[in-house]
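Asker: My questions all concern the structure below.
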Amino acid sequence: MTPKTILYPLGMDQPLDELRPAIELCRAREAHLTVLLIALAPPPPIAVDTVILSDAWASQAEQIKKELHAHGERARDLIAESGISCEIKRSLMVDSSIELAVAEHAFFADLTLISRTLPEKAGFADHVASGVLFGAGKPVLVGAPAQFETLDWKTVLIAWDNEKPAVRAIAEALPILRAAEAVHILSIDPDATRTGDGEAPGWDLAAYLSRHGVDLTVHTQPSGQLPVSRVIVEFADDIGADGIVMGAFGHSRLRQRLLGGTTRSMMDDCPLPVLMAH
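As structure tokens, this is what we get:
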């Protein structure tokens with residue numbers, strides 16, 4: 077992945093200064109920045125006197141639209157100072173439509189930056205992440221806004237589980253991995269069988285990546301009944317990783333857009349930026 081279009085979903089309550097690191101990333105990569113400003117519409121009226129409440133609802137929605145427009149203009153002014161290519165998209169929606177709307181925009185982006193400051197209210201952050209990962213099938217970089225300034229990670233940890241989402245994440249991360257000084261592959265509680273994770277977990281991946289010029293070290297580690305996310309984070313800290321690459325999972329076969337436990341924990345609690353794909 078060499079991102080030339082970067083999508084940044086932003087809630088109305090998030091400060092516009094969060095965009096500055098993303099602006100610097102786009103400047104360094106000569107990439108286009110699309111900012112998707114999202115405002116939640118007020119709940120639709122449900123009452124006996126529908127006419128009166130509908131008028132009040134319409135007035136409230138109109139006010140939010142005005143605020144959304146003004147916020148977008150301020151974002152445009154901020155980005156204009158940098159001289160990068162950019163566009164501002166504004167969207168007023170109910171919480172149930174966030175996922176689809178974000179997916180439609182992510183179709184036309186190489187990478188979506190998901191800030192850990194996205195609001196949790198009404199499942200906002202989950203809807204955004206699910207829209208990109210599962211709705212659009214595109215990679216995301218999850219982190220604190222300041223961590224979006226660069227993708228030049230010197231030490232990278234790959235959380236490897238021999239599954240398709242991890243394979244996709246690694247494929248997206250190849251330019252990052254090739255440029256890194258050290259890449260570590262970590263398999264947690266691997267099933268060292270031909271039908272499991274392979275007889276030498278991680279080594280097939282290491283051989284593949286080495287042909288791309290990636291300098292690798294392979295590790296296996298038991299979880300010791302700790303959450304997998306905790307093992308990943310602690311190992312990343314031990315090796316001084318700058319970022320993590322891993323697959324993102326949905327545990328529900330009926331509704332793949334439900335984020336799995338490890339994915340959710342890594343998005344919420346990991347102190348490092350995490351590149352994910354599904």
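Position 2 (the sequence shown) corresponds to 78 in the working numbering; numbering is contiguous.
Quick reminder that beta carbons are idealized off the backbone N, C-alpha and C, glycines included.
1) How would you call L79, buried or exposed, if buried means at least 16 neighbouring beta carbons within 10 angstroms?
2) CB H260 to CB L302, shorter than 8 Å?
3) Would C102 pass as a contact of L112 if the rule is Cβ separation under 8 Å?
4) Using 10 angstroms around the beta-carbon of Q139, count the other beta-carbons present and answer buried if the total reaches 16, otherwise exposed.
5) Rounding to the nearest angstrom, what Cα-Cα distance links D89 and H288 in this structure?
6) Tell me, please, which residues DSSP counts as bridged to P221.
7) Starting from E94, follow the alpha helix (DSSP H) in both directions and report where the run begins and ends.
8) I'd like to check one pair, A182 with G207: are the Cβ atoms closer than 8 Å?
9) Under 8 Å between C-beta atoms, does K80 make it to chain B?
10) Starting from the C-beta of E248, find all residues in its chain whose C-beta is less than 6 Å away, skip the five residues before and the five after it, and write them out in chain order.
11) For D153, which option in I190, I174, T338, I99 has the closest C-alpha, if you only look at C-alpha atoms?
12) Per DSSP, which one or two residues make a beta bridge with G319?
13) Could you have a look at R329 and say whether DSSP puts it in helix, strand or coil?
14) Is the CB-CB distance between P241 and A317 below 8 Å?
15) Could you give the first and the last residue of the continuous alpha helix (DSSP H) run that contains V243?
16) Kindly provide the ranges of any alpha helix (DSSP H) runs that are 4 or more residues long and lie completely inside the stretch 135 to 195, ordered along the chain.
17) CB-CB under 7 Å to I246, same chain, minus the five flanking residues each way: which ones, in chain order?
18) For E163, which option in V304, F184, P277, T231 has the closest C-alpha, if you only look at C-alpha atoms?
19) If you run the structure through DSSP and keep just helix, strand and coil, what is H288?
20) With distances taken from CA atoms, which of E143, I190, H145 is nearest M343?
21) Can you look up T271 in the DSSP assignment and give me helix, strand or coil?
Answerer: Well, looking at it:
1) At residue 79 the sequence reads Pro, which differs from the Leu that was named. Around the beta carbon of P79, 16 or more other beta carbons sit within 10 angstroms, so the residue counts as buried.
2) no
3) By the CB criterion at 8 Å, C102 and L112 fall outside the cutoff.
4) exposed
5) 43 Å
6) According to DSSP, P221 bridges with nothing at all.
7) Neither: E94 is in no alpha helix (DSSP H) and is coded neither H nor E.
8) yes
9) The displayed structure is made up of one protein chain only, and chain B is not part of it.
10) The beta carbon of E248 is closer than 6 Å to those of M77, P215, A353 in its chain, skipping five residues each way along the sequence.
11) I99
12) V232
13) Confidence at R329 is low in this model, with a pLDDT of 36, below 50, so its placement is unreliable and the value that follows should be read with caution. R329: coil per DSSP, three-state reduction.
14) no
15) 240 to 255
16) 174 to 182
17) So the qualifying residues of the chain are I234, V321.
18) Ranking V304, F184, P277, T231 by Cα distance to E163 puts F184 first.
19) coil
20) With distances taken between Cα atoms, M343 lies closest to I190.
21) Secondary structure of T271 (DSSP, three-state): coil.
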